[in-house]
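Below you'll find the structure, written out as structure tokens, and then a few comments.
Protein chains: 2
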Amino acid sequence: MPGVTVGELGEPGVLARVLAQLSGARGALIGPGDDCAVLRHTGDVVVTTDTMIEGPDFRLPWHDGFELGWKLAATNLSDVAAMGARPTALTVALAVPRETPVMLLERIAEGLDAACRALAPGCGVVGGDLGRAPVVVAAVTALGDLEGRPPVVRSGARAGDVVAYAGDLGLAGLGLSLLFSEAVDAEGNASAHEVPRLRASHPDAIAAQLAPAPPIPLGVEAAEAGATAMMDVSDSLSIDAERLARASGVRVDFSAELLVSGFGRRGSGVRGGGLEPAEPGAQGQPAVEVPIDAMLFGGEDHGLLATFPAGAALPDGFRPIGAVLAGEAASGTGEALVALDGAPLTVRGWDPYTVQVSGAV
Amino acid sequence: MPGVTVGELGEPGVLARVLAQLSGARGALIGPGDDCAVLRHTGDVVVTTDTMIEGPDFRLPWHDGFELGWKLAATNLSDVAAMGARPTALTVALAVPRETPVMLLERIAEGLDAACRALAPGCGVVGGDLGRAPVVVAAVTALGDLEGRPPVVRSGARAGDVVAYAGDLGLAGLGLSLLFSEAVDAEGNASAHEVPRLRASHPDAIAAQLAPAPPIPLGVEAAEAGATAMMDVSDSLSIDAERLARASGVRVDFSAELLVSGFGRRGSGVRGGGLEPAEPGAQGQPAVEVPIDAMLFGGEDHGLLATFPAGAALPDGFRPIGAVLAGEAASGTGEALVALDGAPLTVRGWDPYTVQVSGAV
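Chain order of the listed sequences is A and B. Using this note's numbering, the final residue of the first sequence is 505, and nothing's skipped along the way. Using this note's numbering, the final residue of the second sequence is 505, and nothing's skipped along the way.
Right under this line is the structure:
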């Protein structure tokens with residue numbers, strides 16, 4: 145990436161160019177530039193922090209800065225949505241090496257801003273911090289407003305509830321699998337060389353991995369529809385369902401038929417509950433066939449896993465995928481908390497060596 | 145530092161040991177463990193993020209983990225206080241190398257918690273994130289509640305106002321100067337070898353640098369007393385006064401006599417407006433003579449710089465240090481915004497080669 149570096153321009157200049165990418169937050173009485181930003185909320189405040197670090201969490205040869213900023217926003221916004229809250233503001237702490245092109249930080253800011261506008265209108269970046277580090281480190285904190293509603297926690301699921309999901313499922317794991325198998329050099333290091341080809345051949349899976357578009361407004365809708373428990377799916381559907389089951393003292397039984405009928409064909413413009421990112425993605429491609437293993441064990445979907453009372457009308461975008469069963473009375477015996485069609489499921493997260501990439505198109 | 149490493153114990157184990165150090169926040173309806181924490185506020189929300197990175201911002205041979213956590217909390221709490229808000233919660237994103245002893249993270253958490261309890265009772269850590277990075281990176285976000293008050297911004301100073309300050313002034317810069325000149329090895333790298341001796345000979349300056357104790361509750365008191373503008377002093381009194389003057393369209397004239405009489409002798413139990421950290425610091429030492437250059441150009445004090453209408457009763461802990469003068473009508477001519485006894489001051493921040501360490505005791 146060409147152009148002036150962070151070390152050459154210095155902090156005030158970098159900050160000015162980053163701030164120029166930000167369009168503000170509707171609820172912000174004061175934005176960047178004072179000791180703190182100030183927000184007006186009407187209900188309780190939800191807050192979450194998530195960090196992405198170059199190396200373990202992302203690889204610069206694969207991500208455009210815009211996508212990196214987009215993903216940073218999306219992954220934090222989905223945590224806010226999963227409480228049934230409306231996202232109001234992000235703060236961003238970025239630390240980068242001195243030789244980093246300023247353009248990368250501008251693109252990250254642009255992606256953060258675009259994701260807020262597309263996924264959570266009214267939310268925006270209200271503050272942050274720039275620093276120096278040996279690799280790119282980005283810590284985002286997201287705030288949301290419960291607007292008078294109680295939070296939807298992960299411990300509220302009850303036997304008899306319907307298990308439902310909204311958003312992409314399995315695509316992000318497929319995308320990462322494709323990148324790990326085809327966008328690496330001979331030493332196994334991430335390489336930009338094959339990324340354009342993969343973006344063309346697998347637009348939905350690559351976009352779901354590099355710039356996920358979770359259905360953020362459905363968090364509020366689920367809360368209003370009476371969701372009893374909710375989480376965003378980050379590690380994998382099976383891992384996060386197990387967490388929900390443990391917190392609620394119940395078991396979750398997924399239906400393979402419901403998973404396949406609801407989420408087995410994805411893409412072609414049905415990303416993230418109908419929300420489209422401003423730049424990534426493509427139209428007019430055939431839908432992707434998603435194998436059930438990718439749905440259950442792929443990670444980073446950031447869609448919403450929720451439970452609703454039997455008979456509740458699910459908000460548009462949610463589809464039923466299973467049922468909540470009573471937990472065993474004398475638990476702690478290693479009993480499986482997650483099952484597929486009644487058969488105990490060994491939960492696990494995304495693994496590039498176990499997801500079948502060949503099934504992706 | 146001995147014991148098991150982060151890489152050996154794994155994230156769930158590390159998280160459990162970190163969480164065990166945290167005592168919660170009074171206003172938290174939900175703490176760590178769900179997608180978000182949930183806070184109940186009575187007024188507008190203030191939010192700020194600040195990062196400390198090993199290398200540019202701190203050096204592990206000098207800091208005990210407890211002090212590092214303490215300083216992380218204190219530097220963010222002072223930004224909340226500077227808006228006239230009461231701190232309610234911190235979130236913490238920590239990323240460390242795999243070979244980091246788990247004990248370091250436990251001590252950081254312990255220091256974060258202790259600083260909240262001592263400096264901002266009711267505030268605590270409500271959430272966070274653990275990750276892996278080549279050096280220790282800690283990003284803290286602090287939230288505060290304005291409780292129905294308007295925020296005190298940096299742009300509200302008016303000609304005729306009194307300039308006042310509360311907290312340590314100049315000590316933190318002296319401490320850093322001592323560490324840089326005496327706690328380094330032959331190659332100029334930070335070394336733990338001389339730190340115990342410096343802690344014994346200069347307890348106040350070393351504590352002010354490694355575990356500052358800003359007078360957090362005075363932020364609310366200043367707001368209630370009618371402060372027209374307020375900032376925390378991070379880069380230096382002169383640099384931050386210039387920012388306040390520019391934002392307010394005024395000039396600031398410091399009085400050398402008021403600075404020396406108010407802040408020229410520090411230490412011996414008068415740290416940070418009477419607040420004592422739980423562990424650092426020492427009693428029964430002679431007061432430190434602080435040269436006026438250290439007050440004006442030393443950084444990282446994190447005390448509160450505020451302006452009050454002439455005749456306002458200053459809250460206990462604030463002392464007058466100057467006056468607000470009218471800005472020139474046709475400004476932008478490079479006119480000095482900060483003066484000392486009427487003489488234009490070239491603002492600058494802490495510099496280990498210009499502060500006279502020999503004047504410190």
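Think of the CB as a built atom: it goes at the ideal place given N, C-alpha and C, for glycine as much as any other residue.
Does DSSP classify residue i as helix, strand or coil?
i	result
Ala474 (chain A)	Confidence at Ala474 (chain A) is low in this model, with a pLDDT of 48, below 50, so the placement of that residue should be treated as unreliable; the coordinate-derived value is given next. Looking at Ala474 (chain A) - three-state DSSP - the assignment turns out to be coil, as it is neither helix nor strand.
Ile383 (chain B)	helix
Ala229 (chain B)	coil
Phe462 (chain A)	coil
Thr219 (chain B)	helix
Ile197 (chain B)	strand
Ile360 (chain A)	coil
Leu431 (chain B)	Checking the displayed sequence, the identity of residue 431 (chain B) turns out to be Ala instead of Leu. It is coil, neither helix nor strand.
Pro105 (chain A)	As displayed, chain A neither begins before 145 nor continues past 505, which places residue 105 (chain A) out of reach and without an answer.
Leu290 (chain B)	coil
Ala172 (chain B)	strand
Val162 (chain A)	helix
Arg415 (chain A)	Interpretation of Arg415 (chain A) is limited by its pLDDT of 47, a score under 50 that renders its predicted location unreliable; no figure is taken from the coordinates.
Leu484 (chain A)	strand
Ala454 (chain B)	coil
Asp437 (chain A)	helix
Arg390 (chain A)	helix
Arg410 (chain A)	strand
Near residue i, what residues of its chain come up, given a Cβ to Cβ distance below 6 Å and the 5 sequence neighbours on each side ignored?
i	result
Ile252 (chain A)	Gly209, Leu212 and Gly213
Glu420 (chain A)	With a pLDDT of only 43 at Glu420 (chain A), under the threshold of 50, the placement of this residue in the model should not be trusted, and no figure is reported.
Gly493 (chain A)	Asp379, Ser380, Ile383 and Gly443
Gly292 (chain A)	Gly187
Met375 (chain B)	Ala226, Arg298, Asp384, Leu388 and Leu449
Ser399 (chain A)	Gly466
Gly257 (chain B)	One point to set straight first is that residue 257 (chain B) is Asp, not Gly, in the sequence displayed. Cβ within range, chain order: Gln165, Leu166 and Ser167.
So, residue i versus residue j, is the Cβ gap smaller than 8 Å?
i	j	result
Asp179 (chain A)	Asp223 (chain B)	yes
Pro231 (chain A)	Leu221 (chain A)	yes
Leu381 (chain A)	Leu458 (chain A)	no
Val158 (chain A)	Val246 (chain A)	yes
Ala316 (chain B)	Glu444 (chain B)	yes
Gly442 (chain A)	Pro359 (chain A)	no
Ala512 (chain B)	Gly268 (chain B)	There is simply no residue 512 (chain B) to check, as chain B begins at 145 and stops at 505 in what is shown.
Asp384 (chain A)	Ser378 (chain A)	yes
Gly266 (chain B)	Arg170 (chain B)	yes
Ala373 (chain B)	Arg261 (chain B)	no
Leu342 (chain B)	Glu326 (chain B)	yes
Leu449 (chain A)	Leu388 (chain A)	yes
Gly363 (chain B)	Pro453 (chain B)	no
Val471 (chain B)	Val394 (chain B)	Looking at the sequence shown, residue 471 (chain B) is not Val but Gly. Yes, they are a contact pair.
If contacts are defined as beta-carbon pairs under 8 Å, then residue i and residue j qualify, I think. What distance do you get, rounded to the angstrom?
i	j	result
Met227 (chain A)	Val281 (chain A)	Going by Cβ atoms, the distance from Met227 (chain A) to Val281 (chain A) rounds to 26 Å, so no, they are not a contact pair.
Gly271 (chain A)	Leu238 (chain A)	With a Cβ gap of about 12 Å, Gly271 (chain A) and Leu238 (chain A) do not count as contacting.
Ala367 (chain B)	Val296 (chain B)	5 Å
Ala277 (chain B)	Val240 (chain B)	6 Å
Phe407 (chain B)	Leu313 (chain B)	4 Å
His185 (chain A)	His185 (chain B)	7 Å
From the options, pick the residue whose C-alpha is nearest to that of residue i; which is it?
i	options	result
Ala259 (chain B)	B:Asp273, B:Glu291 and B:Leu166	B:Leu166
Thr451 (chain B)	B:Pro358, B:Ile197 and B:Ala310	B:Ala310
Glu243 (chain B)	B:Glu401, B:Val148, B:Pro453 and B:Ala389	B:Val148
Pro200 (chain B)	A:His207, A:Glu250, A:Leu274 and A:Glu152	A:Leu274
Leu263 (chain B)	B:Ala355, B:Val434, B:Thr372 and B:Gly154	B:Ala355
Thr193 (chain A)	B:Thr235, B:Thr192 and B:Ala218	B:Thr235
Asp188 (chain B)	B:Glu472, B:Ala389, B:Leu256 and B:Pro294	B:Pro294
Arg409 (chain A)	A:Val328, A:Pro435 and A:Arg390	A:Pro435
Leu403 (chain A)	A:Val328, A:Pro464 and A:Asp329	A:Pro464
Val284 (chain A)	A:Gln353, A:Thr219, A:Ser405 and A:Arg261	A:Thr219
Pro361 (chain A)	A:Arg341, A:Arg395 and A:Ala225	A:Ala225
Ser335 (chain A)	A:Leu204, A:Gly177 and A:Leu153	A:Leu204
Ala229 (chain A)	A:Asp460, A:Glu365, A:Ser405 and A:Glu401	A:Glu365
Gly177 (chain A)	A:Val150, A:Arg390 and A:Pro156	A:Pro156
Enumerate in chain order the residues of its own chain whose CB-to-CB distance from residue i is below 7 Å, with the five nearest sequence positions on each side excluded.
i	result
Asp397 (chain A)	Gly466, Ala467, Leu469, Ala483 and Gly486
Glu386 (chain B)	Leu481, Val482 and Val491
Val162 (chain A)	Leu249, Glu250 and Ala253
Pro488 (chain B)	Ala480
Ala426 (chain A)	Bear in mind that the predicted position of Ala426 (chain A) carries a pLDDT of just 46, short of 50, making it unreliable; the figure below should be weighed with that in mind. Closer than 7 Å at Cβ, skipping near neighbours: Pro347.
What does a CB cutoff of less than 8 Å around residue i pick up in its chain, not counting 5 residues either side in sequence?
i	result
Val182 (chain A)	Ala172, Leu173 and Ile174
Glu206 (chain B)	The residue asked about is misnamed: residue 206 (chain B) is Trp in this sequence, not Glu. Only Leu323, Ala327, Ala334, Ala336, Val339 and Leu354 meet the Cβ criterion.
Arg390 (chain B)	Leu481
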